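Everything below concerns the one structure shown next.
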Amino acid sequence: MNVAVKALKGEEISLSFGGIKVLQGLDVEFRAGEITGLIGPNGAGKTSLFNCLTGAYSPQSGSITYAGDVLDGLSPAARATKGIVRSFQHVALSPDLTVLENVMVGVARNFHAGWVHAFLPTLRARNEQAAMRASAMDALQELGLAKVADKFPTELPPGMQRLVEIARAIVGKPDVLLLDEPAAGLNNSETRDLMRSLKNLAATDLVMVVVEHDMDLVMSICDRIYVLNFGEIVACGSPQQVRNNDDVVRIYLGSDDD
Amino acid sequence: MSDQNIAFESPATKLQQILGGNLTSGMLTFGLVVVLCVLPLFVGGSWMFSLGICFANSIGVLAVSTLVRYGGEVSIGHGFFAAIGAYSVAVLDTRYGLSILVSLPLALTLGVASGVLFAWPSRKLSGIYLAVSTMALALAVPEMINNADGLTGGYEGLYVSQPAIAGIKMSFQRYYAALIVLIAVVYALARLRQSRQGLTLLLSKAHPAAADAFGTRKDWARIVVMGISGGIAALCGAMLGFAGSTVSPSGFTLWASIFLLVGSVVSFYGLTLVRALVGGAFLTLIPQFLSASGAWIPVLYGLALLGVILFGHYLPRIKDRIAERKGGLT
Ligand SMILES: Nc1ncnc2c1ncn2[C@@H]1O[C@H](COP(=O)(O)OP(=O)(O)O)[C@@H](O)[C@H]1O
Ligand SMILES: [Mg+2]
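In the order they appear, the protein sequences are chains A and B.
When the letters of the first sequence are read in order and numbered with the working numbering, they come out as residues 1 to 258.
When the letters of the second sequence are read in order and numbered with the working numbering, they come out as residues 1001 to 1330.
Pasting the structure below:
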């Protein structure tokens, strides 16, 4: 029996827009059972890397695999059905749906009742909706959002909207979870709660990658950290190693002026 | 694009929040259904006839509103799909002696199919470009019908006379059939809003990339919404044919398509029975009310349109004011 750890791997990923090189031959490996941090200054290419991993962008060269499966050429929707899921840096919730319904969308890919059930009050439709609702409610509960389940996203402060975004990502029991700045806009206590939730979520078969500017969060929950600058990896290792890396210190002291 | 959608959605959403304490709006709808069911006992034949057509038009308004609500797109060509439904009914009636019990499912199927067929090549278009391409459909309709006169009866049209249920007075059948189909469409759309597919379509409208990341492709969403909308429009045409008893190309000109959009706008793209009826009334009843005013019809109609749109636009603010005042008192 081969007990190799499942991992999301990118090899030699290069991406450019026009003449601008956004990612320059990145090699990354995000392992199941670990929380991996991805840090770097604004514009370093973190979100672009997520976009390549989920299929929203097609890198000019390089290859992406998950647990040995080659993902290149698969649409984001196809990757989602393989369990690769993300949250968005810029909250992308539907204003027409309640918080609960927005989160229900995150679990939709696991259900398959056909069109008849969309228009008629069949038993299957009712069961499916109830199951989606229950899962969504669990996810909201986990993030302390149960109270606002029936509100619309626009009625919530930005920090809470972001938590809804995260609830939608975790609700479908993903195999790969890519979180893009999950703590942006959260206050200190919300951030602490989020850290606890993310740690709870970590599991031996889950690949979790967190892009984050909040160093306390990254240093305390991540097992490994990649540091990205100008589309290149400048450091990779345990929080301790990264903290003591001279290049990292220079990048963060030199260019992060906010 | 998404900002624009939200912008032309917001009055409706606000309106819905105001009108829709769920219980009260449910009761209102139920009451309305009861009234409409017993109305033929109290009104004359010409009213029943007009109301039947109003119900049919309300279905057409729902077709356009569905496209707006779930697809974020506007159509000025839904007369095309309505014509497909109408001629399904009329041709099966006159050529094969089949009633709407047979032709209605066919109309629905053909409407969905043509919606999907139109959506496939136009799936990358949006906004004004999509609207203008739907217009191309509408422009083609009367000519196509005239050319296929062996089947369609050309510009003279066809007469729909087969009863759905033998033995019941046709005037009642025309009224009730249109009413039943309207209620069924409203009901099915209410189910859709709760369904998995409905939720994913609504996310896809606002944030296609996010929906894509959760398994709903943008192209799929567009094709599906066009299929649903085309199917509903075909039901509208079918009921226009049955309730109006004649089907001819003059009923499916570009104007018909434009008025379906107008009805959708004045109902603020609402998918409820009340809203659909407001839209349908604008297509059917208001022109009749105004018909006494001769040359002034278009002007008065325009004023009525403007009035309703402004009313809908300012209603949330008016309600806010009232709520504030009440809040101040208690
Ligand atoms: N769709 C795009 N078109 C053009 N440039 C892009 C696009 N997406 C990202 N970029 C560029 O790629 C660089 C990295 O952006 P991004 O990945 O968002 O950085 P980060 O998430 O690390 O802040 C930026 O210079 C940005 O302008
Ligand atoms: Mg970013």
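Beta carbons: idealized from backbone N, C-alpha and C, even for Gly.
Bear in mind the structure is a predicted one, so any value in this text is a computation, not a measurement.
Under the DSSP definition of a beta bridge, which residues are partnered with CYS278 (chain A)? Residue 278 (chain A) lies beyond the range of chain A shown here (1 to 258); nothing can be said about it.
If you compare alpha carbons, which of A:ARG109, A:PHE111, A:ALA183 and A:ALA235 is closest to LEU260 (chain A)? With chain A running from 1 to 258 in the structure shown, residue 260 (chain A) is simply not present.
Quick one: any contact between the stretch 1215-1233 of chain B and the stretch 1063-1075 of chain B, if contact means 3 or more CB pairs under 8 angstroms? yes
Output yes or no for whether 8 angstroms exceeds the beta carbon distance between ALA1063 (chain B) and GLY1241 (chain B). The residue given as residue 1063 (chain B) occupies position 63 in the second sequence. The residue given as residue 1241 (chain B) occupies position 241 in the second sequence. In this structure, GLY1241 (chain B) does not lie closer than 8 angstroms to ALA1063 (chain B) by Cβ.
Is it true that the CB of PRO157 (chain A) sits closer than 8 angstroms to the CB of GLY99 (chain A)? For the purposes of this step, residue 99 (chain A) is taken as residue 99 along the first sequence, with counting starting at 1. For the purposes of this step, residue 157 (chain A) is taken as residue 157 along the first sequence, with counting starting at 1. One detail in the question is off: residue 99 (chain A) reads as Val in this sequence, not Gly. For VAL99 (chain A) and PRO157 (chain A), no; Cβs fall outside 8 angstroms.
In the DSSP assignment, find the unbroken alpha helix (DSSP H) run with VAL209 (chain A) in it and report its ends. The sequence position of residue 209 (chain A) within the first sequence is 209, counting from 1. Premise fails: VAL209 (chain A) lies in the beta strand (DSSP E), 207-211, not in any alpha helix (DSSP H).
Across the stretch 6-17 of chain A and the stretch 49-67 of chain A, are there enough close Cβ pairs to call them in contact, namely three or more that are closer than 8 angstroms? yes
Own chain residues within Cβ distance below 6 angstroms of THR1134 (chain B), not counting five before or after: Stepping through the second sequence from its first residue, residue 1134 (chain B) is reached at position 134. Contacts found: SER1075, ILE1076 and GLY1077.
For ILE64 (chain A), three-class secondary structure by DSSP: Position 64 of the first sequence, counting from 1, holds the residue named residue 64 (chain A). In the structure shown, ILE64 (chain A) sits in a strand (DSSP, three-state: E or B).
Tell me which residues share the same chain as GLY1021 (chain B) and place their Cβ nearer than 6 angstroms to its Cβ, disregarding the 5 neighbours each side in the sequence. Counting from one through the second sequence, the residue named residue 1021 (chain B) turns up at place 21. Residue placement at GLY1021 (chain B) cannot be trusted, given a pLDDT of 47 that sits under 50; the coordinates are not used to answer.
Please state the DSSP three-state secondary structure of ALA1243 (chain B). Here residue 1243 (chain B) refers to the residue found at position 243 when the second sequence is read from its first residue. In the structure shown, ALA1243 (chain B) sits in a helix (DSSP, three-state: H, G or I).
ALA118 (chain A) versus chain B: which residues are under 8 angstroms apart at the beta carbon? Walking along the first sequence from the start, residue 118 (chain A) turns up at place 118. Neighbours of ALA118 (chain A) on chain B, chain order: ARG1191, LEU1192, SER1195, ARG1196, GLN1197 and GLY1198.
Which residues in the same chain as TRP1308 (chain B) place their Cβ atom closer than 8 angstroms to its Cβ, once the five residues preceding and following it in sequence are excluded? Reading the second sequence from its first residue, position 308 is the one you call residue 1308 (chain B). Here residue 1308 (chain B) turns out to be Val, not Trp, going by the sequence shown. Excluding sequence neighbours, VAL1308 (chain B) sits near VAL1266, VAL1278 and PHE1282.
Cβ distance (whole Å) where ILE1196 (chain B) is taken to contact ALA149 (chain A) below 8 angstroms: For the purposes of this step, residue 1196 (chain B) is taken as the residue at position 196 of the second sequence. For the purposes of this step, residue 149 (chain A) is taken as the residue at position 149 of the first sequence. The amino acid at residue 1196 (chain B) is misidentified as Ile; the sequence shows Arg. Not a contact, Cβ separation roughly 18 angstroms.
Would you say the beta carbon of PHE17 (chain A) is closer than 7 angstroms to some non-hydrogen atom of ligand 1? Position 17 of the first sequence, counted from the first residue, corresponds to residue 17 (chain A). PHE17 (chain A) Cβ: within cutoff of ligand 1.
Tell me whether ARG82 (chain A) counts as near ligand 1, meaning its Cβ is closer than 7 angstroms to at least one heavy atom of that ligand. Translated into positions along the first sequence, residue 82 (chain A) becomes position 82. What sits at residue 82 (chain A) in the sequence shown is Lys, not Arg. No, Cβ of LYS82 (chain A) sits at least 7 angstroms from all heavy atoms of ligand 1.
Per DSSP, SER14 (chain A) forms a beta bridge with which residues? Along the first sequence, read from residue 1 onward, the residue named residue 14 (chain A) stands at position 14. In DSSP, SER14 (chain A) forms a bridge with A:GLN24 and A:SER61.
Should the stretch 1043-1051 of chain B be regarded as contacting the stretch 1249-1262 of chain B, the criterion being three or more beta carbon pairs within less than 8 angstroms? no
Candidates A:ASN187, A:GLY185, A:LEU177 and A:HIS213, of which the one nearest LYS199 (chain A) by Cα: Counting from 1 along the first sequence, the entry for residue 199 (chain A) is found at position 199. Of the listed residues, the one whose Cα sits closest to LYS199 (chain A) is A:LEU177.
Among A:SER48, A:ILE166 and A:VAL211, nearest to LEU38 (chain A) - alpha-carbon criterion: In the first sequence, the residue the question calls residue 38 (chain A) occupies position 38. Residue A:VAL211 is the option with its Cα nearest to LEU38 (chain A).
Got a sec: does ligand 2 put a non-hydrogen atom nearer than 7 angstroms to the Cβ of THR36 (chain A)? The residue you call residue 36 (chain A) lines up with position 36 of the first sequence. Flag unset: Cβ of THR36 (chain A) not near ligand 2.
Since VAL1185 (chain B) is in the alpha helix (DSSP H), which residue starts that stretch and which ends it? By 1-based counting over the second sequence, the position of residue 1185 (chain B) is 185. Here the alpha helix (DSSP H) through VAL1185 (chain B) covers 1170-1194.
Contact belief for GLY1079 (chain B) with SER1257 (chain B) at Cβ below 8 angstroms, rounded distance in angstroms: Position 79 of the second sequence, counted from the start, is the residue given in the question as residue 1079 (chain B). Position 257 of the second sequence, counted from the start, is the residue given in the question as residue 1257 (chain B). About 4 angstroms; that satisfies the 8 angstroms criterion.
Straight-line gap, PHE1118 (chain B) to ALA1206 (chain B) (C-alpha atoms, nearest Å): By one-based count along the second sequence, residue 1118 (chain B) stands at place 118. By one-based count along the second sequence, residue 1206 (chain B) stands at place 206. Between PHE1118 (chain B) and ALA1206 (chain B), the C-alpha separation is close to 22 angstroms.
Is the stretch 1185-1202 of chain B touching the stretch 1086-1102 of chain B in the sense that three or more CB pairs, one from each, lie closer than 8 angstroms? no
What residues from chain B crowd round GLY106 (chain A), counting only those whose CB sits closer than 9 angstroms? Here residue 106 (chain A) refers to the residue found at position 106 of the first sequence. Residues of chain B passing the Cβ test: PHE1214.
To which residues of the same chain is GLU1324 (chain B) closer than 6 angstroms at the C-beta, ignoring the five residues directly before and after it? Against the second sequence, residue 1324 (chain B) aligns to sequence position 324. So no residue of the chain qualifies.
Neighbourhood of SER1050 (chain B) by C-beta distance below 8 angstroms, restricted to the same chain and skipping five residues each side: Start at 1 with the first residue of the second sequence, and residue 1050 (chain B) comes out as number 50. Excluding sequence neighbours, SER1050 (chain B) sits near THR1284, LEU1285 and GLN1288.
For ARG86 (chain A), which residues in the same chain have their Cβ closer than 7 angstroms to its Cβ, ignoring the five residues on either side in sequence? Here residue 86 (chain A) corresponds to residue number 86 of the first sequence, with the count starting at 1. So the qualifying residues of the chain are PHE50, THR54, ALA169, LEU178 and ASP180.
Say whether chain A places a C-beta atom closer than 8 angstroms to the C-beta of ALA1178 (chain B). As a working mapping, residue 1178 (chain B) is identified with position 178 in the second sequence. No, ALA1178 (chain B) does not count as interfacial toward chain A.
Hey, GLN1173 (chain B) and ALA1164 (chain B) are a contact pair by Cβ (cut 8 angstroms); roughly how many whole angstroms apart? Residue mapping note: residue 1173 (chain B) aligns to position 173 of the second sequence, counting from 1. Residue mapping note: residue 1164 (chain B) aligns to position 164 of the second sequence, counting from 1. That belief holds up - the Cβ atoms of GLN1173 (chain B) and ALA1164 (chain B) are roughly 6 angstroms apart, short of 8 angstroms.
Status (buried if at least 16 other CB within 10 Å, exposed otherwise) for ARG196 (chain A): Here residue 196 (chain A) refers to the residue found at position 196 of the first sequence. Per the 10 Å Cβ criterion, exposed.
Check each residue of the stretch 220-253 of chain A: if its Cβ is closer than 8 angstroms to any Cβ of chain B, include it; give the result in chain order. none
In three-state terms, what does DSSP make of ILE1100 (chain B)? For the purposes of this step, residue 1100 (chain B) is taken as residue 100 along the second sequence, with counting starting at 1. Reduced to three states, the DSSP call for ILE1100 (chain B) is helix.
In this structure, how does DSSP classify LYS82 (chain A) when only helix, strand and coil are distinguished? To locate residue 82 (chain A), count along the first sequence from 1; it is residue 82. Three-state result, LYS82 (chain A): coil.
My understanding is that PHE30 (chain A) touches VAL171 (chain A), with C-beta atoms under 8 angstroms, so please give their C-beta distance in whole angstroms. Along the first sequence, read from residue 1 onward, the residue named residue 30 (chain A) stands at position 30. Along the first sequence, read from residue 1 onward, the residue named residue 171 (chain A) stands at position 171. That belief does not hold up - the Cβ atoms of PHE30 (chain A) and VAL171 (chain A) are roughly 21 angstroms apart, past 8 angstroms.
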